[in-house]
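As given, the protein sequences belong to chains W and E, one line each in that order.
Residue numbering for the first sequence follows the numbering used here, starting at 305 and increasing by one per position.
Residue numbering for the second sequence follows the numbering used here, starting at 77 and increasing by one per position.
Ideal Cβ positions, reconstructed from N, Cα and C, are used throughout, including at glycine.
One structure below.
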Amino acid sequence: MANTADSSQDIAHSAPVTGPVLGNDGRPLKASLAKSLRRQKLRALGLIAPLLIFVLLTFIAPIADMLFRSVENNIVGDVLPRTVVALQDWDETSGELPDNATFKAMALDLKEAVEDKSHTRLGSRLNYEQSGISSLFRQTGRKVKRLDVEETTDFVAAFEDMNKKWVDVENWQTIKAFSGRFTDGYFLAAADLTKGPEGIERVPENEQIYYTLLLRTLKMSLIITFSCILLGYPIAFLLATLPLRTSNLLLILVLLPFWTSLLVRTSAWKVLLQQQGVINDTLVWLGLVADNARLELINNQTGTIIAMTHILLPFMILPLFSVMKTIPPSYVRAAKSLGANDWTAFWRVYFPQSVPGIGAGSILCFILSIGYYITPEIVGGTKGVFISNRIAYHISSSLNWGLAAALGTLLLVVVLGLYWLYDKFVGIDNVKLG
Amino acid sequence: MKMKSIILSTAAGVVAASAAGAKDMTIVSWGGAYSASQDAAYHQPYMAANPDVNIINDESSAEAVAKLRAMAEAGNTTWDVVDVVASDAIRLCDEGLAMEIDPDTMLADAPDGTKASEDFGDLLVSECFIPQIVYSTTFAYRTDVDAWGGKEPSNICDVFDLEAFPGKRSLEKRPINNMEWALLCDGVAKDEVYDVLGTEEGQQQALAKLDTIKDEVIWWSAGADTPQLLADGEVVMGSTYNGRLFALIEEQKQPVKMMWDAQVFDLDGWIIPANLSDERKQAALDYIMFATDTQRLADQAKYISYGPARASSAPLVGKHAELGIDMAPHMPTDPENAKNTFLYNYEFWADYRDDIDAKFQAWLAQ
């Protein structure tokens with residue numbers, strides 16, 4: 305910026321006659337303006353800096369770190385540096401074991417790894433790819449301490465003696481396949497794929513789960529969003545057209561569930577929906593349902609849809625309401641005075657103006673429901689759980705954070721793709737919160 | 077002048093109080109009746125004997141493994157002693173997140189001088205794990221089911237028998253235990269179960285057996301689910317931890333009975349997080365030494381029906397603190413209950429957990 309000011313002064317000196325307009329202080333007006341604009345920008349930046357730093361530190365950085373875990377695979381190279389080098393010359397498709405030198409490298413690596421117990425961590429990591437490696441490393445770790453590297457010559461026999469699995473070529477293939485600093489293994493697993501002998505292939509049918517779950521998550525989120533529109537639209541319409549005093553009271557009723565704990569609301573649905581619950585009891589008492597054929601309303605998709613529609617309804621009603629409030633009632637009156645009947649006036653005049661509210665509400669409901677996991681976990685049984693439930697499982701229970709990160713990344717990409725589609729067909733500027 | 081002395085003495089008092097509370101110790105456990113039993117049997121007596129220690133209870137054991145890993149990565153472990161199940165302890169030990177324990181130097185001997193390693197015996201399943209209780213995952217059933225015509229289930233395979241015992245069952249939403257029970261009831265001998273389960277065919281066999289009752293199963297994920305489902309009449313039988321069922325039957329007097337056949341023993345105990353400062357480590361070890369001695373373990377059984385992990389504690393188990401009933405017949409380890417038991421194979425599940433779980437979840441989702 306300073307350079308610009310200098311250069312414009314240069315121009316002012318070299319061409320005094322046709323030079324730039326000067327301000328009262330004799331400096332070019334353009335430079336003064338740029339300077340004051342720059343100061344303003346800096347001040348604005350200074351004002352938003354706390355928020356920017358906050359968002360960077362607490363939102364962008366952790367997410368980036370988490371997403372990075374989906375490809376990061378340093379552990380094999382860090383724990384087994386010599387083995388990884390030795391394995392480079394080994395042809396894993398030959399069906400033969402690596403040579404004695406590789407086994408010796410493994411012995412040296414393991415002896416060091418046992419010191420800081422990183423061998424068991426490596427075992428857990430590789431066990432995600434092949435069952436049994438976890439115990440292989442744990443057991444070998446105990447025995448390798450007694451192995452004398454100087455004295456031993458036949459390392460293959462020594463390892464076979466420690467654990468028979470060491471002469472199984474498959475374990476070595478796994479170690480080699482996942483020896484890189486980066487891996488696509490987690491993403492493959494998240495897409496129900498695996499690295500076979502002939503390249504990438506689908507996992508056997510009885511292990512495919514993530515594709516089903518992703519599809520189900522999207523489908524059910526759409527159903528939930530549509531149920532929210534169906535139920536929320538009339539309520540928002542009522543709120544927007546009633547006199548202020550009544551509508552405020554009704555608005556509090558809409559917000560009331562918002563102020564109740566999520567777990568309490570979900571558990572309440574459990575009491576209502578279960579087979580010996582309030583709804584079924586009432587239906588049996590009314591004689592609508594036989595006692596031995598009570599409806600299954602919970603622990604399946606129905607349960608998830610009912611409970612989540614209820615929980616997300618305020619997110620649909622509020623944007624709809626605020627958009628509807630801005631639609632002047634005179635438009636509908638004008639349409640009617642020009643001869644439209646009630647339906648035509650609503651459908652041709654009122655409804656198109658409320659579409660931005662539907663758009664905003666739908667995006668809110670859809671994006672919230674796609675990441676939900678507490679409610680599906682409690683009322684969803686096995687058929688009504690989402691992909692987030694598996695992400696939660698891998699984060700907190702199986703500790704496979706790489707796979708969880710890959711699943712999370714896939715979900716993010718899918719949502720961004722849907723957002724792009726929405727923008728293309730509906731238009732994101734067609735969304736209003738009021 | 078007087079005012080000044082009041083202020084000074086107040087300040088001195090505050091300093092003294094904060095100095096007294098300086099040794100906070102965060103103990104993580106499961107919450108509910110279980111934490112209450114630990115509070116009564118361990119925490120209160122320990123704090124009475126060590127007035128300078130202030131125990132803070134945290135109820136995060138269900139997420140302990142993930143949280144400990146996150147704390148270790150952040151370089152700030154705020155927990156001192158953590159209560160986990162044995163399989164989690166093995167995992168934490170594998171990950172280097174728990175410190176190794178030498179039972180003979182760090183734990184108390186039995187009153188007759190038996191070394192701790194011998195007193196705990198086979199229950200020391202990991203170098204980092206100090207066992208506390210033996211609990212079991214077992215079944216209970218309602219006693220008022222008309223459709224059963226007066227019969228009562230007494231065998232694990234009755235769970236798979238929809239003709240004689242129709243009605244919904246609740247099973248845990250994970251493969252562990254369910255796969256073993258399915259194989260046992262599909263004709264596999266008890267000592268071959270894990271050999272069979274280690275093969276692809278064996279896993280398919282177990283899932284095929286579970287498939288026969290799949291439509292009648294409600295899957296639980298929290299230990300409190302089955303007792304609630306049984307009390308509501310949502311299920312006619314279900315599996316859960318025996319202590320939960322004891323509370324349902326003896327404390328809440330529900331029409332429910334235990335079925336101990338093929339109960340699966342599991343262990344719960346303490347770990348100390350790795351990389352604590354020396355001072356905190358010493359304090360944690362001091363607590364562990366106290367809380368896992370013979371008398372303390374026997375005391376816990378006054379409040380909850382889980383068996384003490386030390387052999388020397390068993391004869392000391394007395395009556396329930398409030399109900400006044402003998403606790404021994406409610407212990408999973410009681411000879412009458414333990415006629416046919418199954419021991420959870422930690423090594424096997426550490427290896428196959430990820431693989432079988434993927435298949436099990438895929439099967440559930442179908």
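Under 8 Å Cβ-Cβ, which residues of chain W neighbour residue i?
i: W439 of chain E; result: N510
i: I294 of chain E; result: N603 and G685
What does a CB cutoff of less than 8 Å around residue i pick up in its chain, not counting 5 residues either side in sequence?
i: A359 of chain E; result: K99, M101, V129 and D156
i: T213 of chain E; result: E248, N253, S315, T316, Y317, N318, Q339, V340 and D342
i: G97 of chain E; result: Model confidence at G97 of chain E stands at a pLDDT of 49, short of 50, so the residue's coordinates are unreliable; what they give is reported in the following sentence. Counting only Cβ-Cβ distances below 8 Å, and skipping sequence neighbours, we find N130.
i: T478 of chain W; result: L430, E433, Q434 and I437
i: Q279 of chain E; result: M255, L273, I432 and K435
Can you list, in chain order, the residues of its chain with a C-beta nearer than 7 Å to that of residue i? Leave out the 5 residues immediately preceding and following it.
i: A140 of chain E; result: V104, V158, V160 and D164
i: Q578 of chain W; result: I602
i: V418 of chain W; result: G445, V448 and K449
i: S374 of chain W; result: Y490, F491, G706, A709, A710 and T713
i: M612 of chain W; result: I528, S673, Y676 and T679
Shorter than 8 Å from the beta carbon of residue i to some beta carbon of chain W?
i: L260 of chain E; result: no
i: A95 of chain E; result: Note on A95 of chain E: pLDDT 46, under 50, position unreliable in the model; the coordinate value appears next. Not one chain W Cβ lies under 8 Å of A95 of chain E.
i: E310 of chain E; result: yes
Could you tell me which chain E residues have their CB closer than 9 Å to the CB of residue i, listed as they occur along the chain?
i: N584 of chain W; result: None at all; the shortest Cβ gap to chain E is about 10 Å.
i: R425 of chain W; result: D170, E171 and G172
Got a sec: is the Cβ-Cβ distance from residue i to anything in chain E below 8 Å?
i: K499 of chain W; result: no
i: L703 of chain W; result: yes
i: N604 of chain W; result: no
i: G591 of chain W; result: no
i: S439 of chain W; result: yes
i: T766 of chain W; result: Nothing in the structure corresponds to residue 766 of chain W, since chain W is present only between 305 and 738.
i: R450 of chain W; result: no
i: S483 of chain W; result: no
i: S428 of chain W; result: yes
i: T686 of chain W; result: yes
What's the call for residue i, buried or exposed, on a 16-neighbour Cβ count within 10 Å?
i: Q434 of chain W; result: buried
i: T181 of chain E; result: exposed
i: A438 of chain E; result: buried
i: F205 of chain E; result: buried
i: W563 of chain W; result: exposed
i: D733 of chain W; result: exposed
i: T608 of chain W; result: buried
i: D222 of chain E; result: exposed
i: R637 of chain W; result: exposed
i: D195 of chain E; result: buried
i: F250 of chain W; result: For chain W, the structure presents residues 305 to 738; residue 250 of chain W sits outside this window and is missing.
i: R347 of chain W; result: exposed
i: K574 of chain W; result: buried
i: F690 of chain W; result: buried
i: S389 of chain E; result: buried
i: A377 of chain E; result: buried
i: I232 of chain E; result: buried
i: S692 of chain W; result: buried
i: F363 of chain W; result: exposed
Could you work out which residues of chain W lie near residue i, taking near to mean beta carbons separated by less than 9 Å?
i: G314 of chain E; result: The premise fails here: G314 of chain E is roughly 13 Å from chain W at the closest Cβ pair, so nothing lies under 9 Å.
Alpha carbons only, please: which of the options is nearest the one belonging to residue i?
i: Y428 of chain E; options: W:V388, W:R429 and W:R373; result: W:R429
i: E502 of chain W; options: W:A481, W:L517 and W:T516; result: W:A481
i: D142 of chain E; options: E:P349, E:P411, E:M407 and E:A282; result: Here residue 142 of chain E turns out to be Ala, not Asp, going by the sequence shown. Considering only alpha carbons, the answer is E:P349.
i: A323 of chain E; options: E:P229, E:G243 and E:S381; result: E:S381
i: S202 of chain E; options: E:S136, E:G172 and E:D220; result: E:G172
i: P187 of chain E; options: E:R372, E:H396, E:D433 and E:W295; result: E:R372
i: M175 of chain E; options: W:L401, W:L414, W:D420 and W:Q392; result: W:D420
i: L519 of chain W; options: E:V264, E:A441 and E:S137; result: E:A441
Run through chain E and tell me which residues come within less than 7 Å of residue i, C-beta to C-beta.
i: K421 of chain W; result: G172
i: Y432 of chain W; result: D430
i: R442 of chain W; result: D170
Counting only Cβ pairs nearer than 7 Å, list the residues of chain W close to residue i.
i: E139 of chain E; result: S700
i: K435 of chain E; result: N510 and E511
i: E248 of chain E; result: Within chain W, no residue comes near E248 of chain E; the closest Cβ sits about 12 Å away, beyond 7 Å.
i: D427 of chain E; result: N431, S435, G436, S438 and S439
So with CB distances below 8 Å, who are the chain E contacts of residue i?
i: E681 of chain W; result: S297
Output needed for residue i: all residues of its chain with C-beta closer than 6 Å, excluding positions within five of it in sequence on either side, in chain order.
i: P303 of chain E; result: R320 and L324
i: S297 of chain E; result: K249
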